[in-house]
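A.B. asks: Sequences listed follow chains A and B, in order. For the first sequence, this note's numbering gives the first residue as 224, with consecutive numbering after it. For the second sequence, this note's numbering gives the first residue as 19, with consecutive numbering after it. Backbone N, C-alpha and C fix where the C-beta goes; we use that ideal spot for every residue, glycine too. Questions regarding the structure given below will be posed in turn.
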Amino acid sequence: MTKQNKITLNMSWDKEVIPAEKKCERSLLINLKGEGDQKIKKKERPPVNLALVIDCSGSMEGAPIEAAKSAAKQITEELTQKDHLSIVSFDHEVETHFSNVRMDKSGASYAQGVISEIYTRGMTNLSGGWFEGARCATKAIDQGDFNDGFVVVLSDGMANRGITDPKELQMHAAELSSRGIQTTSIGIGAHYSPLQLDALAIGGQGRLHDTETAEDIIDVVLGELGEIGNTIARNVKLHIQYPESVELKCLSKLKGERSGNFYNIHIGNLQLNQTKSVALLSEIYEQTLGQSVSFEVHVTWDDMDTNERFESKVITSSIQAVSEDEANRAEINTSVVQKIADLWEASLAYEAMIFNEQGRFDAASSIYENNKMSYNQIIDSLEDRDKRMDRFKSVHRKVNAPWVGRSKRASFDMSKKMMMGESSLLKRNTGDWHDDF
Amino acid sequence: MKSKGFGNTLRETREDGSISLRSLAKESGVDAAYLSRIERELNPAPKAEVIQKIAETLCQIMDLDTANCEKLKRTLLESSEQLVGHSDLIRDLKHRFADRLRDEGVEEHYIIDAIKKVSLESMENVLSGKEPLKIARKKSFSKQIIKEMKSPNEEVQMLKNISYGIDSLDADSASDYINRNAKSFSPNLQESIKAYSLAKPKPQPQKKSTFKAGSRAVIEIDGKLSPSQEEQLKSIANLVQSILKEK
């Protein structure tokens, strides 16, 4: 019998006590782990309905278009006769080279011939290309061949035709992802728009990947395809119920909504054995000695096998008000603090880089100014606090001025992956998001 | 309460907007005498396509914003008892109501239940500000207060945690969404797409169908048509003929 997929939850505090009659802050780390039948990992990858959308605007001329074409050709070799592929290219116009073609031997050879004929042309209509890719993937769903589709957009530039507003792109991608069309974006080189590509990936429940070479593109596309079979839960949501005497703040830039004393946080998809972590800062108002403050957490998700919405058991964690001496003596869980600091730092950098990309340097800088004191307090117990603080200041300076180029694209991508608990799919070692600071 | 008929509703709307019957007829391309007969309810309400056209003309003349224009379309279609089949307008109303609930901080799974339970009329009234929207946890009110709230003019709904996606309510597929939004992405998308397919390597000359609408107009269609599409086009041809006042 197949073991049912489930998500297990785990809550840890930096300190499990607070001083009585005193307002104070505590950090909470919630880990979500995807569990299920280990055998599914060894099973063959399920068939995929893939649409590759290739930017062929003028800026792609030379190495970028050659990398994209070479990657697309190798991807056709890796696909099997169970898979269907569509290829769309776009400049200011959109061209569907073929759609919904079965990748058997003749299909793959036809596809490779067509890919060779892709040349660079004019401006960048990213939205038009992406939308046409989604349309091709939808065709396979309409024909009953697949239940869902997967659009991968490859681009090196900034859209200047069609819909260019990231919010609007995200909205359309989210609408289509709720209808079974997932989008992943691959930025190539140093000049792509992380905002536009990230918007498609966020809305499309996929990922943004930063790449430089054809090998990188192949790594991420094949890595993504490999992960399709391992995804056990979609639209994962974390539900936290907290007391009225607490103010709760999510330190990761995750979408969430509040209702009374409930806080619901969108986690995205979860794979088998994958752990995603959420860092929270809770400001706890004065409690009398011996009083407990309880937090209840549960998670809901769409199960990949049954398509039903599942709900986990509710788990509870409490913090107790003790004497000030006892609170000071209580041990700090440094591994929790370490993880929270990592998530928070990556999240601040990601958010500030978004403002930096928009040219809103003051907003980027104020993120660092507003969080400096709390961040400093949290990392105080860590051995590497001075190094962390130096880095904090260094990123602050960097986002407060125009910043372009490869290092920013790589940092943007990696800080987001750190924040979201996603691994890099690249085979080469990409290091940490903050290596350049 | 039974709603007014289409003719009365149309006349009231037109008069409220100080629009003459003649100018509405001219702008919408509907024959004035026919329009007058409809308003006096001597003729039944026209088909949904014609009502849409009339509504759009009224919106244009009255300079209504999108929300009020959609509301007007719904009112006219409802009075003609054709709203049931008009999924776009209902969907739009539901989505706007869902957004309003989101603004109020209602959780997504309760919103889905609210969309199912709250009547379209109440949604309309809340969105237009005619009725207040009160949201509270069940335990916040005693049974007696809830009973008193359920007066003839007030709708009270207990919401449950429904977990499936909001779009499953209107069974809107990815291709529905794509067809609905194709224009926003590229007005000339269809012209600019050069589609290739293994199954059809060479484009075949397309079959043409023509529908005569009197001696002055012809509707010409490329490609195959289903029997129901043919029927619809025939009725449009009749409509075009009546607009051109042919006898």
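1. For a contact defined as C-beta to C-beta under 7 Å, what are the partners of Thr361 of chain A on chain B?
2. With DSSP collapsed to three states, give me the class of Ile153 of chain B.
3. Using the Cα positions of Thr387 of chain A and Ala424 of chain A, report the straight-line distance between them to the nearest angstrom.
4. Confirm, please, whether the CB-CB distance from Leu566 of chain A to Ser647 of chain A is below 8 Å.
5. Considering only their Cβ atoms, is the gap separating Ile441 of chain A from Gln561 of chain A smaller than 8 Å?
6. Just how far apart, CA to CA, sit Cys473 of chain A and Val627 of chain A?
7. Beta carbon of Thr319 of chain A, beta carbon of Glu355 of chain A: below 8 Å?
8. Compare the C-beta of Ser202 of chain B with all C-beta atoms of chain A and state if any pair is closer than 8 Å.
9. Does DSSP put Ile341 of chain A in a helix, in a strand, or in coil?
10. To the nearest angstrom, report how far apart Asp8 of chain B and Lys134 of chain B are at their CA atoms.
11. At which residues does the alpha helix (DSSP H) containing Phe584 of chain A begin and terminate?
12. Determine which residues share a DSSP beta bridge with Tyr663 of chain A and list them.
13. Hey, how far is the Cα of Arg58 of chain B from the Cα of Arg29 of chain B?
14. Quick one: what's got a C-beta closer than 7 Å to Glu645 of chain A's C-beta in the same chain, skipping five residues either side?
15. Given a cut-off of 8 Å on the beta-carbon distance, is the pair Ala290 of chain A and Ala437 of chain A in contact?
16. In chain order, what are the residue ranges of uninterrupted alpha helix (DSSP H) at least 4 long that sit wholly in the region 353-437 of chain A?
17. By the 10 Å Cβ neighbour count, where 16 or more other Cβ atoms means buried, how is Ile153 of chain B classified, buried or exposed?
18. Does the beta carbon of Asp749 of chain A come closer than 8 Å to any beta carbon on chain B?
19. So, does the CB of Lys229 of chain A fall closer than 8 Å to a CB anywhere in chain B?
20. Which residues in chain B sit within 9 Å of Ile425 of chain A, going by Cβ to Cβ distance?
21. Since Gly123 of chain B meets chain A, which of its residues come closer than 8 Å, beta carbon to beta carbon?
22. Can you tell me whether Asp34 of chain B is helix, strand or coil according to DSSP?
23. Could one say the Cβ of Gly399 of chain A lies closer than 8 Å to chain B's Cβ atoms, at least one of them?
24. Quick one: give me the first and last residue of the beta strand (DSSP E) that His619 of chain A is part of.
25. Pull up the distance between the alpha-carbon of Lys238 of chain A and that of Met637 of chain A, whole angstroms please.
26. Would you verify that the beta carbon of Asp368 of chain A is, or is not, closer than 8 Å to some beta carbon of chain B?
27. What residue does the beta strand (DSSP E) around Met234 of chain A start on, and which one ends it?
28. Give the residues of chain B in contact with Gly403 of chain A, contact being defined as C-beta atoms less than 8 Å apart.
29. Assign Arg611 of chain A to one of two classes, buried (16 or more other C-beta atoms within 10 Å of its C-beta) or exposed (fewer than that).
30. For Ala217 of chain B, count neighbouring C-beta atoms within 10 Å of its own C-beta (all shown protein chains included) and say buried if the count is 16 or more, exposed if not.
31. How about Leu252 of chain A and Val559 of chain A: do their beta carbons lie closer than 8 Å?
32. Return the first residue and the last residue of the alpha helix (DSSP H) that Glu547 of chain A is part of.
33. Given that a residue counts as buried once 16 or more other Cβ atoms are within 10 Å of its Cβ, and exposed if not, what is Arg552 of chain A?
34. Just the Cα atoms here: how many angstroms apart are Ser350 of chain A and Asp278 of chain A?
35. Excluding sequence positions up to five away, which residues of its chain have a Cβ less than 8 Å from the Cβ of Leu187 of chain B?
36. Flag this pair as yes or no: are the beta carbons of Asn199 of chain B and His395 of chain A separated by less than 8 Å?
C.D. replies: Judging by the given coordinates:
1. Ala192, Ser193 and Ile196
2. coil
3. 14 Å
4. no
5. no
6. 29 Å
7. yes
8. yes
9. coil
10. Chain B is shown only over 19 to 265; residue 8 of chain B falls outside these bounds and no answer can be derived.
11. Phe584 to Ile602
12. For chain A, the structure presents residues 224 to 660; residue 663 of chain A sits outside this window and is missing.
13. 8 Å
14. Arg430
15. yes
16. 389-400 and 417-426
17. exposed
18. Examination of residue 749 of chain A is not possible in this model, given that chain A is present from 224 through 660 alone.
19. no
20. Within chain B, no residue comes near Ile425 of chain A; the closest Cβ sits about 17 Å away, beyond 9 Å.
21. Glu480, Arg481, Ser482 and Gly483
22. helix
23. Here residue 399 of chain A turns out to be Leu, not Gly, going by the sequence shown. It does: the Cβ of Leu399 of chain A has a partner Cβ on chain B nearer than 8 Å.
24. Run containing His619 of chain A: none in the beta strand (DSSP E); it sits in the alpha helix (DSSP H), Arg608 to Val622.
25. 29 Å
26. no
27. Lys229 to Trp236
28. Ala192
29. buried
30. For Ala217 of chain B, the predicted structure reports a pLDDT of 34, less than 50, and the residue's modelled location is therefore unreliable. A value from the coordinates is still provided. When all chains shown are included, Ala217 of chain B counts as exposed.
31. yes
32. Glu547 to Arg552
33. exposed
34. 11 Å
35. Because Leu187 of chain B sits at a pLDDT of 41, beneath the cut-off of 50, its placement in the model cannot be relied upon, and the point is left open.
36. yes
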